[in-house]
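Residues -8 to 44 in the numbering used here are what the sequence shown spells out, letter by letter.
For glycine and all other residues, C-beta sits at the position ideal for the given N, C-alpha and C.
Only a predicted model underlies this, so the values are computations on that prediction, with no experimental measurement involved.
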Amino acid sequence: MKLVCPECKNEVDLSRYPNLAVGNVIECQMCGISLLVNAIGEEVAAEIVDEGK
Ligand SMILES: [Zn+2]
């Protein structure tokens, strides 16, 4: 499975999250943004978490 960061368009390294599940918040190691996992499959869907709003 793979996840492309919606912010910076880089692939997020999911090997850091061996127990990834829907609802998890992960961090893009390229741009540092927080991403909420919406769906897991061959491709992982995630949305940007608005912080401090
Ligand atoms: Zn990113």
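- Message: For G32, tell me which candidate among V13, E18, C22 and I17 has the shortest Cα-Cα distance.
- Response: V13
- Query: Using DSSP with H/G/I as helix, E/B as strand and the rest coil, what is L11?
  - Reply: coil
- Message: Could you check if I24 belongs to the surroundings of ligand 1, using beta carbon to heavy atom distance under 7 Å?
- Response: yes
- Use the C-beta contact count for C(-4): other C-beta atoms within 10 angstroms, 16 or more gives buried, fewer gives exposed. buried
- Query: Quick one: is I24 near chain B, going by C-beta distance under 8 Å?
  - Reply: Among the protein chains of the structure shown there is no chain B, as only one such chain exists.
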